[in-house]
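For the sequence shown, the working numbering puts the final residue at 1390, and the numbers step up evenly by one. Built from N, CA and C at the ideal position, the CB exists for glycine as well. As the structure is a prediction and not an experimental result, all values here were calculated from the model.
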Amino acid sequence: MKRVIIGVMGPGRSATESDISVAYELGRFIAKESWIALSGGMGYGVMDAVSCGAKAEGGLTIGIIPNNDLESISAAIDIPIMTDMGSARNNINVLSSHLVIAIGMSSGTASEIALALNAHRMVILLNVDKTSTAFFQSLSPTNVVSANDPLEAIAIAKQLLQEQKQTFLLEINPLEDPTTEN
1209 MKRVIIGVMG PGRSATESDI SVAYELGRFI AKESWIALSG GMGYGVMDAV
1259 SCGAKAEGGL TIGIIPNNDL ESISAAIDIP IMTDMGSARN NINVLSSHLV
1309 IAIGMSSGTA SEIALALNAH RMVILLNVDK TSTAFFQSLS PTNVVSANDP
1359 LEAIAIAKQL LQEQKQTFLL EINPLEDPTT EN
């Protein structure tokens, strides 16, 4: 059985303390579900925090690295995928994920959310301001959901993964039961 990959997107250097705290907690919950945490893989911001949280619970982490600099990668990344593509790697981030959870907001995060919606991925917004939430929900009312905290985001993700079992993505990458441990 293929494992669930949760893409976690969010600000890098402009991440707030709240974004970082939420991302760390979310990473822990992702690992507790035996899901894989995928991020941009850099050693700062939401990318580092979600990876560190997942590693704290023994989870597996993948980083889609925008450059080819090994020194810039989060120490919590198990599988770095070097792209040297800059922000063009955002498409790899979202297409490699069963669903995307966006924490906070930056131009890169907005790009990843837009790419996810174009690819018909479900997006869960966490720690995102009301204006940004309303904007993305206006673009895709059925593919954007807002969560109040990491635990609610995980509950929503479980529900969405269960509903998506019959979609094209999961037909080519089948899941037996995404709500149970492997």
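ask   = Would H1306 be called buried (16 or more neighbouring beta carbons within 10 Å of its own) or exposed?
value = buried
inquiry  = Tell me the DSSP secondary structure of V1254 in three-state form.
reply    = helix
query = Among R1221, V1308, M1293, which residue has its Cα nearest to the Cα of I1238?
reply = V1308
inquiry  = Quick check: G1253 and P1219, are their CB atoms within less than 8 angstroms of each other?
reply    = yes
key: Three-state secondary structure assigned by DSSP to L1268   = coil
request  = Would you mind reading off the limits of the beta strand (DSSP E) that contains L1333?
outcome  = 1331 to 1334
ask   = Between L1279 and G1261, is the Cβ-Cβ spacing less than 8 angstroms?
value = Contrary to the premise, residue 1279 reads as Glu rather than Leu in this sequence. Taking 8 angstroms as the Cβ cut-off, E1279 and G1261 do not qualify as a contacting pair.
ask   = Is it right to say S1247 is buried, meaning 16 or more other beta carbons lie within 10 angstroms of its own, or is it exposed?
value = buried
request  = Give the DSSP-derived three-state secondary structure of S1354 in the structure shown.
outcome  = strand
ask   = Thinking C-beta only, is L1268 closer than 8 angstroms to I1244?
value = yes
query = Which term fits N1276, buried or exposed, when burial requires 16 or more other beta carbons within 10 angstroms of its beta carbon?
reply = exposed
key: P1288 - partner residues in DSSP beta bridges   = G1271
inquiry  = Among the candidates I1287, A1318, E1241, whose CA atom is the shortest distance from the CA of S1295?
reply    = A1318
request  = Classify D1227 as buried or exposed, calling it buried when 16 or more other Cβ atoms lie within 10 Å of its own Cβ.
outcome  = buried
query = So what does DSSP say about G1215, is it helix, strand or coil?
reply = strand
inquiry  = Do L1369 and A1355 count as a contact pair if the criterion is CB distance below 8 angstroms?
reply    = no
request  = Would you decide whether F1376 is buried or exposed? Buried here means 16 or more other CB atoms lie within 10 Å of its CB.
outcome  = Here F1376 scores only 43 on pLDDT, less than 50, and its place in the model should not be relied on; the value that follows carries that caveat. So F1376 ends up on the exposed side.
request  = Taking 8 angstroms as the cut-off, decide whether the C-beta atoms of V1258 and G1235 are in contact.
outcome  = yes
request  = Could you check the C-alpha separation between T1341 and G1266 for me, to the nearest Å?
outcome  = 32 angstroms
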